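Engineer:
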Amino acid sequence: MRSGSVRIFRVAGIDVLVHVSWLVIFGLVTWSLAIGYYPPLLPDLTPAQAWVLGAISAILLFASVLVHELAHSLLARHRGLEVDSITLFLFGGVSSLRGDAPRASTELLVAAVGPLTSFVLAAVFLAGSAIAGDARLAAVLGYLGLINALLGAFNLVPGFPLDGGRVLRALVWQITGDMRRGLEVAVGVGQLVGYGFMAWGVVEVLAGDAFDGIWIAVIGWFLQGAGAAQLRQVRSEAHLGAVHVRDVMRGDTTAVGPNTTVEALIETYLLPGNRRALPVVSDERVVGMVSVSDIQGVPADERSLTRVADVMGGRGGVVTVTPEMPLAQALQAMLTGDYEQVPVVEDERLVGVLTRADVVRQVQLREALHLE
Ligand SMILES: [Zn+2]
Numbered sequence: 000m001r002s003g004s005v006r007i008f009r010v011a012g013i014d015v016l017v018h019v020s021w022l023v024i025f026g027l028v029t030w031s032l033a034i035g036y037y038p039p040l041l042p043d044l045t046p047a048q049a050w051v052l053g054a055i056s057a058i059l060l061f062a063s064v065l066v067h068e069l070a071h072s073l074l075a076r077h078r079g080l081e082v083d084s085i086t087l088f089l090f091g092g093v094s095s096l097r098g099d100a101p102r103a104s105t106e107l108l109v110a111a112v113g114p115l116t117s118f119v120l121a122a123v124f125l126a127g128s129a130i131a132g133d134a135r136l137a138a139v140l141g142y143l144g145l146i147n148a149l150l151g152a153f154n155l156v157p158g159f160p161l162d163g164g165r166v167l168r169a170l171v172w173q174i175t176g177d178m179r180r181g182l183e184v185a186v187g188v189g190q191l192v193g194y195g196f197m198a199w200g201v202v203e204v205l206a207g208d209a210f211d212g213i214w215i216a217v218i219g220w221f222l223q224g225a226g227a228a229q230l231r232q233v234r235s236e237a238h239l240g241a242v243h244v245r246d247v248m249r250g251d252t253t254a255v256g257p258n259t260t261v262e263a264l265i266e267t268y269l270l271p272g273n274r275r276a277l278p279v280v281s282d283e284r285v286v287g288m289v290s291v292s293d294i295q296g297v298p299a300d301e302r303s304l305t306r307v308a309d310v311m312g313g314r315g316g317v318v319t320v321t322p323e324m325p326l327a328q329a330l331q332a333m334l335t336g337d338y339e340q341v342p343v344v345e346d347e348r349l350v351g352v353l354t355r356a357d358v359v360r361q362v363q364l365r366e367a368l369h370l371e
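Take 0 as the starting number for the sequence shown in numbering that gives the first Met the number 0 and just add one per residue.
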């Protein structure tokens, strides 16, 4: 589960999560509608009614974003991709697909269907607004038509990770046959657009419109940062292409038994060996990994009584890698579990340790030497 998100319900077998930032947006949208948008439009409105209309509109905006994301997810699933969850957050939503689309055409369709859905929603709401008999209903539907049109348009901006950026990635991928090239172009454009938004935001603030200016600058900051992280990961994986765990691991097979005391671990193994972590081996099998952070919580006077087995990591099943495993795959496993180091195991026997620092150093070396 994405951190900071809460699961609210399940639709068509897909978990729908709400990021905490959405609560802030919900409040902001309700507030700005109740104070600034509805009162001039509907002069007879009492303040209480304005707040109710604001809250209803914010909920329907939430529903609109959800429909947009469901369109992505359901089409992705129809095209054979696995969909884990939808997370609704600051500027809309993110559909979490397991892995990348295997084909450019799939990526293109899955990305494009979101903005298309928003435009269809906009048309439906605007038509409803035009024929609504009640002025308040017409105002709410009119707002939703406008905001869905904006959502569709904003998402079409051709910068990754927005839908338009994914469309651009798919097009470049289709033309060049190279997915990474497509991502590089889409991220590059996304960063340009991001810096453009930031500059625009600053101009707005200087012109005296601080609220809009800060909003626009935050969106720009998000845009230029989000793509960069994705690109860094793809580049790291490319730089690690032909490297295996064997090439980077340390062949140190020093290990402790589960019954070793924390005191002995520190005095006999960590300090003299200048180590931060060690595998835990029982009957020649790796059963865990104990690190400085695991034992930090043990008070000094209990270190002679506490056994390694009680504090080690991996008690619920230890994550190991093999020497033949591609380094990119091992790195993925480490990042997924947030491990700083994992034991390297061959035929169930400990043959070494792989640390994240060593993997990062290898990536940096290869980048510096322009090796792939
Ligand atoms: Zn979308």
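Yeah, the Cβ is synthetic: ideal placement off N, Cα and C, and Gly gets one too. A quick note: this is a predicted structure, and the numbers were derived from the prediction, not measured.
Please check the pair valine 373 and valine 320, which I expect to be a contact at CB under 8 Å, by giving their CB distance rounded to whole angstroms.
Structural biologist: Because residue 373 is not part of the residues shown, which for the chain are 0 to 371, the question remains open.
Engineer: Quick check: is any heavy atom of ligand 1 less than 7 Å from the C-beta of glycine 189?
Structural biologist: Annotation for glycine 189 indicates a beta carbon at 7 Å or more from all heavy atoms of ligand 1.
Engineer: Just to check my reading of the structure: alanine 121 and glycine 141 have Cβ atoms closer than 8 Å, yes? What is that Cβ distance to the nearest angstrom?
Structural biologist: With 8 Å as the limit, alanine 121 and glycine 141 do not qualify as a contact, their Cβ atoms being about 11 Å apart.
Engineer: How far does the beta strand (DSSP E) with glycine 351 in it extend, from its first residue to its last?
Structural biologist: 348 to 354
Engineer: To the nearest angstrom, how far is the alpha carbon of glycine 193 from that of valine 202?
Structural biologist: 14 Å
Engineer: Could you tell me the distance, in whole angstroms, from the CA atom of alanine 263 to the CA atom of histidine 243?
Structural biologist: 34 Å
Engineer: Who pairs with arginine 284 in a beta bridge, going by DSSP?
Structural biologist: DSSP, once it has assigned bridges, lists Ser281 as partnering arginine 284.
Engineer: Buried or exposed: where does glutamate 68 fall if 16 or more other Cβ atoms within 10 Å of its Cβ makes it buried?
Structural biologist: buried
Engineer: Can aspartate 162 be considered in contact with ligand 1, in the sense that its beta carbon sits closer than 7 Å to one or more heavy atoms?
Structural biologist: Yes; taking the cut-off as 7 Å, the Cβ of aspartate 162 has a heavy atom of ligand 1 nearer than that.
Engineer: Less than 7 Å separating the Cβ of asparagine 273 from some heavy atom of ligand 1?
Structural biologist: no
Engineer: Report the partner residues of glutamine 340 according to the DSSP bridge assignment.
Structural biologist: In DSSP, glutamine 340 forms a bridge with Thr354.
Engineer: With DSSP as the reference, please indicate the residues paired to phenylalanine 8 in a beta bridge.
Structural biologist: Val15
Engineer: Span of the alpha helix (DSSP H) holding tyrosine 37?
Structural biologist: 37 to 40
Engineer: For ligand 1, is there a heavy atom less than 7 Å away from the beta-carbon of asparagine 147?
Structural biologist: Annotation for asparagine 147 indicates a beta carbon at 7 Å or more from all heavy atoms of ligand 1.
Engineer: Out of Ala308, Trp172 and Ala185, which has the shortest C-alpha to C-alpha gap to arginine 102?
Structural biologist: Trp172
Engineer: Since glycine 141 is in the alpha helix (DSSP H), which residue starts that stretch and which ends it?
Structural biologist: 134 to 154
Engineer: According to DSSP, is glutamate 81 part of a helix, a strand, or is it coil?
Structural biologist: Annotated three-state conformation of glutamate 81 is coil, per DSSP.
Engineer: Any chance the CB of glycine 351 is under 7 Å from a heavy atom of ligand 1?
Structural biologist: no
Engineer: With glycine 312 and valine 289 assumed to form a contact (beta carbons below 8 Å), what rounded beta-carbon distance in angstroms separates them?
Structural biologist: Yes, glycine 312 and valine 289 are in contact; Cβ-Cβ is about 7 Å, under 8 Å.
Engineer: In whole angstroms, give me the CA-to-CA distance for serine 117 and leucine 161.
Structural biologist: 14 Å
Engineer: Under 8 Å between the Cβ atoms of asparagine 154 and glycine 113?
Structural biologist: Taking 8 Å as the Cβ cut-off, asparagine 154 and glycine 113 qualify as a contacting pair.
Engineer: Based on Cα-Cα distance, which residue from Asp43, Ala57 and Leu40 lies nearest to valine 28?
Structural biologist: Of the candidates Asp43, Ala57 and Leu40, the residue whose Cα lies closest to the Cα of valine 28 is Ala57.
Engineer: For arginine 275, which residues from the same chain have a beta carbon less than 7 Å from its beta carbon, with the 5 sequence-adjacent residues on both sides left out?
Structural biologist: Ser290 and Val291
Engineer: Please determine if the segment 202 to 213 and the segment 169 to 184 are in contact, where contact requires at least 3 C-beta pairs separated by less than 8 Å.
Structural biologist: no
Engineer: Indicate, with yes or no, if ligand 2 has a heavy atom lying under 7 Å from the CB of histidine 18.
Structural biologist: Ligand 2 is not part of the structure shown, which contains ligand 1 as its ligands.
Engineer: Ignoring anything shorter than 4 residues or poking outside the segment 173 to 225, list the alpha helix (DSSP H) runs there in chain order.
Structural biologist: Under the rule that a run must span 4 or more residues, the alpha helix (DSSP H) segments found entirely inside the segment 173 to 225 read 178 to 205.
Engineer: Figure out for me which residue from Val279, Val66 and Arg249 has the closest Cα to the Cα of valine 358.
Structural biologist: Arg249
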